[in-house]
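Going by this note's numbering, the sequence shown opens with residue -5, and the numbers climb by one from there.
Glycine residues also receive a C-beta, built at the ideal position from the N, C-alpha and C atoms.
Keep in mind the model is a prediction, meaning the values are calculated, not measured.
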Amino acid sequence: MEVNFDLTLIWAFLIAFAIYAYVALDGFDLGIGILFPFFPVGADRDQAMNSVAPVWDGNETWLVLGGGGLFAAFPLAYAILMTAFYPPIIVMLLALVFRGVAFEFRWRDPGHRRFWDAAFCGGSFVAALMQGIVLGAMLQGVEVEGRTYAGGWFDWLTPFSIMTGISVVIGYALLGATWLLWKTEGEAQEIARRFAWYGFVGTVGAIGAVSLATLFLDHTYYEKWFAFPGVIYTAQVPLVTAILCFGFLQSMRGGREVWPFIISQVLFLVTLIGLGISIFPYAVPVALTIWDVAAPEKSQIFMLVGAGTMVPIILAYTVYAYWVFRGKVGHEGYH
């Protein structure tokens, strides 16, 4: 089967873009759910939830695009990875369902608000944890024989994948805290500021721990980062990370509200780039490359026309929605 080299790379980039867009947008509203129990019942919790009520469902569009794009452009990778990660993915989707229902029922069913608050928090935490576990399980590799998954039902559950799961929870909490620092006021903002500090320290520690542990998963990862002359380029990733950390500290000490959120988002982008450096060109690390699992050229072209039409529309809608609901939430809310 002939595969167009450029089309395969374009589709790999599109899926990576969709994954980052999902992490950047849905990450902070999952983070709000993770931090939800630390906000007092009443106006502060209402502020936190109202800050994402107009946009949370649109944020999850990118998860659909990433999963659908993987299925369409790299069907063999989709078949192998889904088979390997069925349990955590199913749990993640169920958690997102509970969380989504809680958004609506919390307002419409005030008599059971405590239950819906628990569903919102629990769904957010479990969804973030499962996403991190899937990431870790993918990094450590899956057992492939021929063109099928040959591992067991619980191969995804390892100390490394649990560590990456907890790391994603901490990272999302940082995004949630910095978002609330920007969008809320009063006591809610002070709570968000405190947890932004906690989240920053935890996220930096998690990045260091996961990065170090990844090097021992497979010699391929070690060579990607330390083999000469590639190390000249890969060394820029920790350098940029250090600069971002310094910028975050300065913005927090200066009492800034917007910049901590922006810097946190860029920090996630840099970690995604680092992840791409480790994985590329594998779609199923370290067994099958993106060219091994790519769809036929005509299929890629056909789907690229659709993606080229829909992605700009989704981006335009997303920008418009955030523009309309810009500014502080206040105590009156939007919902």
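Let me know if Trp56 comes out buried or exposed under the rule of 16 or more other beta-carbons within 10 Å of its beta-carbon. The residue you call residue 56 lines up with position 62 of the sequence shown. Buried: at least 16 other Cβ atoms inside 10 Å.
Grouping DSSP H, G and I as helix and E and B as strand, with all else coil, what is Gly138? Walking along the sequence shown from the start, residue 138 turns up at place 144. Going by the sequence as given, residue 138 is Val instead of Gly. DSSP places Val138 in strand when its eight states are reduced to three.
What is the DSSP secondary structure of Gly327, reduced to helix, strand or coil? Stepping through the sequence shown from its first residue, residue 327 is reached at position 333. Low confidence applies to Gly327: its pLDDT is 46, below 50, so where it sits in the model is not reliable enough to give any reading.
Proximity winner among Gln259, Asp212 and Ile237, relative to Tyr16 (alpha-carbon distances): Against the sequence shown, residue 16 aligns to sequence position 22. Out of Gln259, Asp212 and Ile237, Gln259 has the C-alpha closest to the C-alpha of Tyr16.
For Leu29 and Ser293, what's the separation of their Cα atoms in angstroms? Your numbering for residue 29 matches position 35 in the sequence shown. Your numbering for residue 293 matches position 299 in the sequence shown. One C-alpha to the other measures close to 43 Å.
What's the gap between the Cα of Ile31 and the Cα of Thr2? For this step, residue 31 is matched to residue 37 along the sequence shown. For this step, residue 2 is matched to residue 8 along the sequence shown. Note on residue identity: the sequence assigns Pro, not Ile, to residue 31. The alpha-carbon atoms of Pro31 and Thr2 are separated by roughly 44 Å.
For Ala96, the nearest candidate out of Gly105, Glu137 and Asp111 (CA to CA): Mapped onto the sequence shown, residue 96 falls at position 102. Ranked by Cα distance from Ala96, the first of Gly105, Glu137 and Asp111 is Asp111.
If you measure between the beta carbons of Val162 and Ala122, is that distance less than 8 Å? Along the sequence shown, one-based indexing puts residue 162 at 168. Along the sequence shown, one-based indexing puts residue 122 at 128. It is a contact, given that the beta carbons lie within the stated cut-off.
The alpha helix (DSSP H) enclosing Ala71, as first and last residue numbers: As a working note, residue 71 is residue 77 in the sequence shown. For Ala71, the enclosing alpha helix (DSSP H) starts and ends at Pro69 to Ala78.
What's the C-alpha gap between Tyr328 and Val46? Within the sequence shown, residue 328 is the residue found at index 334, counting from 1. Within the sequence shown, residue 46 is the residue found at index 52, counting from 1. Because Tyr328 carries a pLDDT of 46, less than 50, the predicted location of this residue cannot be relied on, and no value is offered for it.
Using a 10 Å radius around the Cβ and a threshold of 16 neighbouring Cβ atoms, would you call Tyr80 buried or exposed? The residue labelled residue 80 in the question sits at position 86 within the sequence shown. Label assigned to Tyr80: exposed.
From which residue to which residue does the beta strand (DSSP E) around Val340 run? Because the chain is modelled from -5 through 329, residue 340 falls outside the range shown and cannot be assessed.
Go to Ser45, then tell me how far its alpha helix (DSSP H) extends in each direction, as first and last residue. Sequence index remark: in the sequence shown, residue 45 carries index 51 (1-based). In the DSSP assignment, Ser45 falls outside any alpha helix (DSSP H) and carries neither an H nor an E.
For Thr283, the residue or residues it bridges with in DSSP: Within the sequence shown, residue 283 is the residue found at index 289, counting from 1. According to DSSP, residue pairing for Thr283 in a beta bridge involves Tyr276.
Measuring CA to CA, which of Met132, Phe92, Phe109 and Gly300 is closest to Val35? Within the sequence shown, the letter at position 41 stands for residue 35. For the residues Met132, Phe92, Phe109 and Gly300, the minimum Cα distance to Val35 belongs to Phe109.
Put Phe7 into one of helix, strand or coil per three-state DSSP. On the sequence shown, position 13 is the one that residue 7 refers to. Phe7: helix per DSSP, three-state reduction.
Check: Leu59 C-beta below 7 Å from any heavy atom of the ligand MG: This structure simply doesn't include the ligand MG, nor any ligand for that matter.
Evaluate the contact criterion for the stretch 69 to 89 versus the stretch 310 to 325: three or more CB pairs, one atom per stretch, below 8 Å. These segments do not touch.
Alpha helix (DSSP H) segment containing His213, residue limits: Residue numbering aside, residue 213 sits at position 219 when the sequence shown is read from its first letter. Taken as a continuous stretch (DSSP letters only), the alpha helix (DSSP H) holding His213 covers His213 to Phe220.
Which runs of the beta strand (DSSP E) spanning at least 3 residues fall entirely within the stretch 103 to 158, listed in chain order? Runs of the beta strand (DSSP E) lying entirely within the stretch 103 to 158, each at least 3 residues long, are absent.
Distance check for Ile4 and Gly302, CA to CA, integer angstroms please. The residue given as residue 302 occupies position 308 in the sequence shown. The residue given as residue 4 occupies position 10 in the sequence shown. Gly302 and Ile4 have their C-alpha atoms roughly 11 Å apart.
Out of curiosity, what's the CA-to-CA distance linking Ala186 and Phe296? Locating residue 186 in the sequence shown gives position 192, counting from the first residue. Locating residue 296 in the sequence shown gives position 302, counting from the first residue. Spanning the two alpha carbons is a distance of roughly 46 Å.
Between the beta-carbon of Trp173 and the beta-carbon of Phe22, is there less than 8 Å? Reading the sequence shown from its first residue, position 179 is the one you call residue 173. Reading the sequence shown from its first residue, position 28 is the one you call residue 22. Yes; because the gap between Cβ atoms is below 8 Å, this pair is in contact.
Three-state secondary structure assigned by DSSP to Ile13: Numbered from 1 along the sequence shown, position 19 holds the residue referred to as residue 13. Looking at Ile13 - three-state DSSP - the assignment turns out to be helix.
Between which two residues does the alpha helix (DSSP H) holding Gly36 run? What you label residue 36 is simply residue 42 of the sequence shown in a count that begins at 1. Premise fails: Gly36 is in no alpha helix (DSSP H) and is neither H nor E.
List the whole-angstrom C-beta distance separating Asp40 from Glu181, where the pair is believed to meet the contact cut-off of C-beta under 8 Å. Position 46 of the sequence shown holds residue 40. Position 187 of the sequence shown holds residue 181. Contact doesn't hold; Cβ gap of about 12 Å is too wide.
Measuring CB to CB, does Tyr169 end up less than 8 Å from Gly25? For the purposes of this step, residue 169 is taken as residue 175 along the sequence shown, with counting starting at 1. For the purposes of this step, residue 25 is taken as residue 31 along the sequence shown, with counting starting at 1. According to the sequence provided, residue 169 is Leu. The question's Tyr does not apply to it. Closer than 8 Å, so yes.
From which residue to which residue does the alpha helix (DSSP H) around Glu331 run? Here the chain comprises residues numbered -5 to 329, so residue 331 is not present and cannot be evaluated.
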